[in-house]
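**Student:** Please see the structure below; I have some questions.
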Amino acid sequence: MAVGGRRATFAAMKRTMLLALLAVATMAGAQTEVQNQEAETKTIRQAGTDLQAGAQKDSLTMDSLLQALPEVEVRGSRHIVRAEQGKLVFDLPHLIEGKGVSTAYDALKELPGVTEQNGGLLLTGRHVTVIIDGKPSTMAAEQVAQLLKSMPASRIRNAEVMVAAPARYQLRGQVINLNLLHNEAQQVVQGQARLGVERQHDAKFTEAASFFGQWQKWSADAMFTHRHGHDFYEGETRSLHSQLSGKVYDIRSHTLAPSRSHDYDYRFEVDYGSLFSLAYTGNFQSLHTNGTTDGSITSEAKGHSRHTLHNIRADYRSPFGLKAGADFTHYEAPSAGTVTSVLPTGPKDYETESLQRINRLKLYASMEHKLNRNWGVNYGASFTTTSDRSHQNISFEGMNSAALLHETIANLYAGFSKAWGKRLSLDASLSVERFHNDTFREWVLFPTLTAVYTPRQDHVVQLSIAGNRNYPEYWAVTSAKGFTDGGYGEVVGNPDLRPAKDYQLQAVYLLRNKYQLALWFNHTDDYFVQTCYQWQDRLAMEYRHVNFDFRQQAGFMAYAPVSVGRWLRSSVSAYLLWERAKDSDYYDLPFDRHVVSTMFNLRNTIIFSPVFSMNVNGFARTKSHQGLYDLPASGNLTVELQAQLLDKRLLLKAFAGNILKTNAIEPRLDYQTQHYNMGYTDYSTFGLAATLSLGGYKARQREAVDTSRFKK
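My numbering numbers the first residue of the sequence shown as 538 and each following residue consecutively.
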């Protein structure tokens, strides 16, 4: 045989062997990474296949394995979401693959229906609670931002989305449970350091360090973060304030309020396998402000405040299904200030001093049993007791107050789960809760039911019914009184404020495991929110939390991912919302208001290379209502450039947020005798950040301490 013929034959045999090895490796890799998921059939396309057409068929539900060999393209795919009892489980690491997502916070925003608003995360336009490894913990919006933005997305194993959390989670409403990857190595020592700076009107800085060590079954995790710098507030208000005498005051004011702050977060945790964990979390904040107001009101205000938090948490999980834990929090927030002002009615000079001191203890225990024929039973109880010792002193009008408030929340629940093959599953529970404070007590039943039906492998239908309860901040239910705008605005507590009860019905449809449609309706009795009211017998604007008769919302959401080749990953979410709020005894202005609004969220990741990528994200919302407030349209445009260097151990970021300066929401009040407008100067944000990981560090995500009801 000629040499050329032998070479051709050898080349053909070599190419055939490479193809076979590649196909085997591809199939083995996909099978190893995706447990309990069915891999779609892999295909081998011959030379001449249109790569652009193939790229258009790629999507967020596909883990594309594209290898450039002579005359060959190998492509594999798998599902990103699967249905389980009471939840949808998203393979979040593969959902964000190739998108340049670096933090757990940004990873959550890639889930269908999740958006960011006012520093917190929403699911289908409503509040969502984030928990870690199924532990019963709540997180306020600001905690989500502080905790998850500092944690790498590489720590996440998957995300469980529940539009109606089963009672065994000891939470109600919408919940996202992040399950973590656990290091199986016998001995590991890792660390990470971060530096960051961002600038709006002034600069703020961040320094952070984390450490993780594991020795056989024992592990320790430590974290420290320091955020500090200056903020700057500039705003204008106009109040057409009518009096019973017929006189109308046209009050216009302009306020400048620079401030400086230090914020320290520190945490230490020790774990023994998955059986036991003990954690301490601390926080210290200091804030100094110096504001001036001119116009119809002139004033100078100086103030300082401190917030200190200490939390100890212990959790135990037995091999036979028992879970138990205790959580104790001590919180203090002293503040003091002086105000010198002149109002249209005359001078108003005063000094203020206040303190909120809270001790809160939570105990919980739960049990789960797995029975034959895919039956499961769960039951448990939790008890929370809180004491709030607060006082306030104001130097004029004898305005001194002190309060010792007690609050208890007791909860019992029982539930079951059942699966009929892989197509239908049901999770149902019933909890009874008793709320008791010094002015209000109530027993409430909350049912929860979630059914998941999978008619085909790539189609999922989920139907949920749930009840929930929302509690006001502790400070809002005291008799405290504060002042703004040189004394014109009065921030007043409401001891008669009641918790809100929320009931919702929601249906979700997943098409081809990537397109999502959601339809929901919820009704909230005793819905509460802070509102303002212009008194007609005196020149004062009152801000107070009040209960409405009810609030209703109906909504529709559509989500779709879009991909172009291997260089662009996009997703778009569109919302249509109808809201109604009614209050028949709101001061002397009963109201029943309706509004229809829309929201759009577009996320894009442009991948230049394995090292460099860019995120371009946009958000827009039409006008809406909050009680008597009219909220104008708003939006946000953010661009982020990032580079992963030194084998991805060094992450460099440059970002610009609120580029169009359309993010600030300026409430307007124009209803019968009430006329009030607020305007804020909106600033763009620019920043740089660098993160260095040593020893293959992957930060462990931990539950945040719930401070959502503490004084802000």
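Ideal placement from N, C-alpha and C gives every residue a C-beta, glycine not left out.
Ordered along the chain, which non-local residues of its own chain (more than five positions away) have a Cβ less than 6 Å from that of serine 776?
**Tutor:** Position 239 of the sequence shown, counting from 1, holds the residue named residue 776. Correct list, in chain order: Ile788 and Tyr1213.
**Student:** For tyrosine 1011, which three-state DSSP category applies?
**Tutor:** On the sequence shown, residue 1011 is found 474 positions in, with the first residue counted as 1. Tyrosine 1011: coil per DSSP, three-state reduction.
**Student:** Cα separation between glycine 623 and leucine 660?
**Tutor:** Reading the sequence shown from its first residue, position 86 is the one you call residue 623. Reading the sequence shown from its first residue, position 123 is the one you call residue 660. Using only the alpha carbons, I get a separation of about 16 Å.
**Student:** For the beta strand (DSSP E) that tyrosine 1040 lies in, which residues bound it at each end?
**Tutor:** Taking the first residue of the sequence shown as position 1, residue 1040 is located at position 503. Unbroken beta strand (DSSP E) run through tyrosine 1040: 1037 to 1048.
**Student:** Provide the residue(s) that pair with glutamine 622 in DSSP beta bridges, ordered along the chain.
**Tutor:** Your numbering for residue 622 matches position 85 in the sequence shown. The partner list for glutamine 622 (beta bridge, DSSP) is empty, contrary to what the question assumes.
**Student:** Please check the pair valine 698 and phenylalanine 627, which I expect to be a contact at CB under 8 Å, by giving their CB distance rounded to whole angstroms.
**Tutor:** Residue mapping note: residue 698 aligns to position 161 of the sequence shown, counting from 1. Residue mapping note: residue 627 aligns to position 90 of the sequence shown, counting from 1. So it is a contact: roughly 6 Å between Cβ atoms.
**Student:** Along the chain, where does the beta strand (DSSP E) containing aspartate 864 start, and where does it finish?
**Tutor:** Residue mapping note: residue 864 aligns to position 327 of the sequence shown, counting from 1. Its beta strand (DSSP E) spans residues 859 to 880.
**Student:** My understanding is that glycine 650 touches tyrosine 1096, with C-beta atoms under 8 Å, so please give their C-beta distance in whole angstroms.
**Tutor:** As a position in the sequence shown, residue 650 is number 113, starting the count at 1. As a position in the sequence shown, residue 1096 is number 559, starting the count at 1. Their Cβ separation, rounded to whole angstroms, is 6 Å, which keeps glycine 650 and tyrosine 1096 in contact under 8 Å.
**Student:** What do you get for proline 1036, buried or exposed, if any count of 16 or more other CB atoms within 10 angstroms of its CB means buried?
**Tutor:** The residue labelled residue 1036 in the question sits at position 499 within the sequence shown. It is buried - the Cβ of proline 1036 has at least 16 other Cβ atoms within 10 Å.
**Student:** Could you pull the DSSP bridge partners for glutamate 888 from this structure?
**Tutor:** The sequence position of residue 888 within the sequence shown is 351, counting from 1. In the DSSP output, where bridge partners are listed per residue, glutamate 888 has Thr875.
**Student:** Write down the C-beta distance between phenylalanine 769 and aspartate 800 rounded to the nearest angstrom, noting that I regard them as a contact closer than 8 Å.
**Tutor:** For the purposes of this step, residue 769 is identified with residue 232 of the sequence shown, where counting begins at 1. For the purposes of this step, residue 800 is identified with residue 263 of the sequence shown, where counting begins at 1. Not quite, the Cβ-Cβ distance comes to about 17 Å (not below 8 Å), so this is no contact.
**Student:** Which of the three DSSP states, helix, strand or coil, is assigned to asparagine 1288?
**Tutor:** Outside the modelled stretch of the chain, which goes from 538 to 1249, sits residue 1288, for which no answer is possible.
**Student:** Do the stretch 960 to 977 and the stretch 1041 to 1056 meet, that is, are 3 or more Cβ pairs less than 8 Å apart?
**Tutor:** These segments do not touch.
**Student:** Identify which residue in Lys885, Ser747 and Val1101 has its Cα closest to the Cα of threonine 1021.
**Tutor:** The residue labelled residue 1021 in the question sits at position 484 within the sequence shown. For the residues Lys885, Ser747 and Val1101, the minimum Cα distance to threonine 1021 belongs to Lys885.
**Student:** Give me the Cα-Cα distance between histidine 996 and serine 1230, rounded to the nearest whole angstrom.
**Tutor:** Mapped onto the sequence shown, residue 996 falls at position 459. Mapped onto the sequence shown, residue 1230 falls at position 693. Answer to the nearest angstrom: the Cα atoms are 40 Å apart.
**Student:** Buried or exposed: glutamine 1179, going by 16 or more other Cβ atoms within 10 Å of its Cβ?
**Tutor:** The residue you call residue 1179 lines up with position 642 of the sequence shown. By the neighbour-count rule (16 or more Cβ atoms within 10 Å), glutamine 1179 is buried.
**Student:** Can you check DSSP and say which residues form a bridge with lysine 1018?
**Tutor:** If you number the sequence shown from 1, residue 1018 lands on position 481. Beta-bridge pairing links lysine 1018 to Val1029.
**Student:** Helix, strand or coil for alanine 1097? Go by DSSP, reduced to three states.
**Tutor:** Position 560 of the sequence shown, counted from the start, is the residue given in the question as residue 1097. Strand, per DSSP.
**Student:** Between the Cα of valine 700 and those of Leu781, Phe1058, Tyr916 and Ala1077, spot the shortest distance and give me the residue it belongs to.
**Tutor:** Locating residue 700 in the sequence shown gives position 163, where the first residue counts as 1. Taking only the C-alpha atoms, the option nearest valine 700 is Phe1058.
**Student:** Classify serine 779 as helix, strand or coil using the three-state DSSP reduction.
**Tutor:** As a first step, residue 779 must be located in the sequence shown, where it is residue number 242. Reduced to three states, the DSSP call for serine 779 is strand.
**Student:** Going by the beta-carbon positions, is the gap between phenylalanine 1137 and alanine 1111 smaller than 8 Å?
**Tutor:** The residue labelled residue 1137 in the question sits at position 600 within the sequence shown. The residue labelled residue 1111 in the question sits at position 574 within the sequence shown. Yes, they are a contact pair.
**Student:** Please say whether tyrosine 1025 and glutamine 1211 have beta carbons closer to each other than 8 Å?
**Tutor:** Against the sequence shown, residue 1211 aligns to sequence position 674. Against the sequence shown, residue 1025 aligns to sequence position 488. No.
**Student:** Straight-line CA distance for aspartate 1033 to valine 1014?
**Tutor:** Along the sequence shown, read from residue 1 onward, the residue named residue 1033 stands at position 496. Along the sequence shown, read from residue 1 onward, the residue named residue 1014 stands at position 477. Between aspartate 1033 and valine 1014, the C-alpha separation is close to 7 Å.
**Student:** Can serine 891 and alanine 690 be called in contact, C-beta distance under 8 Å?
**Tutor:** Here the question's residue 891 lines up with position 354 in the sequence shown. Here the question's residue 690 lines up with position 153 in the sequence shown. No, Cβ-Cβ distance for serine 891 and alanine 690 is not below 8 Å.
**Student:** Could you tell me the alpha carbon to alpha carbon distance between asparagine 896 and serine 924, rounded to whole angstroms?
**Tutor:** Walking along the sequence shown from the start, residue 896 turns up at place 359. Walking along the sequence shown from the start, residue 924 turns up at place 387. The straight-line gap from Cα to Cα measures roughly 5 Å.
**Student:** Quick one: what does DSSP say histidine 738 is sitting in, helix, strand or coil?
**Tutor:** Taking the sequence shown and counting its residues from 1, one reaches residue 738 at position 201. Here histidine 738 sits in coil by DSSP.
**Student:** Is it buried or exposed for glycine 783, if we count other Cβ within 10 angstroms and need 16 for buried?
**Tutor:** By 1-based counting over the sequence shown, the position of residue 783 is 246. Glycine 783 comes out exposed.
**Student:** Between the C-alpha atoms of asparagine 911 and tyrosine 990, what's the straight-line distance to the nearest angstrom?
**Tutor:** Start at 1 with the first residue of the sequence shown, and residue 911 comes out as number 374. Start at 1 with the first residue of the sequence shown, and residue 990 comes out as number 453. Cα to Cα, the separation comes out at about 15 Å.
**Student:** Please work out which residues of its chain come closer than 7 Å, Cβ to Cβ, to arginine 694, disregarding the five sequence neighbours upstream and downstream, and give them in chain order.
**Tutor:** Locating residue 694 in the sequence shown gives position 157, counting from the first residue. Taken in chain order, the residues that qualify are Asn716, Leu717 and Leu718.
**Student:** Indicate the three-state DSSP secondary structure (helix, strand or coil) for arginine 797 in the structure shown.
**Tutor:** Taking the first residue of the sequence shown as position 1, residue 797 is located at position 260. Strand at arginine 797.
**Student:** Let me check understanding here. Comparing Cα to Cα, which of Asp1074, Thr666, Tyr1008 and Ser836 lies closest to threonine 945?
**Tutor:** Locating residue 945 in the sequence shown gives position 408, counting from the first residue. Of the candidates Asp1074, Thr666, Tyr1008 and Ser836, the one whose C-alpha sits nearest the C-alpha of threonine 945 is Tyr1008.
**Student:** If you reduce the DSSP assignment to three classes, tell me which class leucine 632 lands in.
**Tutor:** Numbered from 1 along the sequence shown, position 95 holds the residue referred to as residue 632. If DSSP states are grouped into helix, strand and coil, leucine 632 belongs with the helices.
**Student:** Which ranges would you report for the beta strand (DSSP E) in the stretch 783 to 860 if only whole runs of at least 3 residues count?
**Tutor:** If we require 3 residues or more, the beta strand (DSSP E) runs fully inside the stretch 783 to 860 come out as 785 to 809, 813 to 832 and 835 to 854.
**Student:** Per DSSP, what are the beta-bridge partners of lysine 907 in this structure?
**Tutor:** Translated into the one-based positions of the sequence shown, residue 907 becomes position 370. Paired residue(s): Gly913.
**Student:** Should glutamine 822 and threonine 1228 be called a contact, given that it needs their Cβ atoms to be closer than 8 Å?
**Tutor:** Locating residue 822 in the sequence shown gives position 285, counting from the first residue. Locating residue 1228 in the sequence shown gives position 691, counting from the first residue. Contact flag unset, no.
**Student:** Taking 8 Å as the cut-off, does the stretch 852 to 860 touch the stretch 833 to 841 (at least 3 CB pairs, one atom from each stretch)?
**Tutor:** These segments do not touch.
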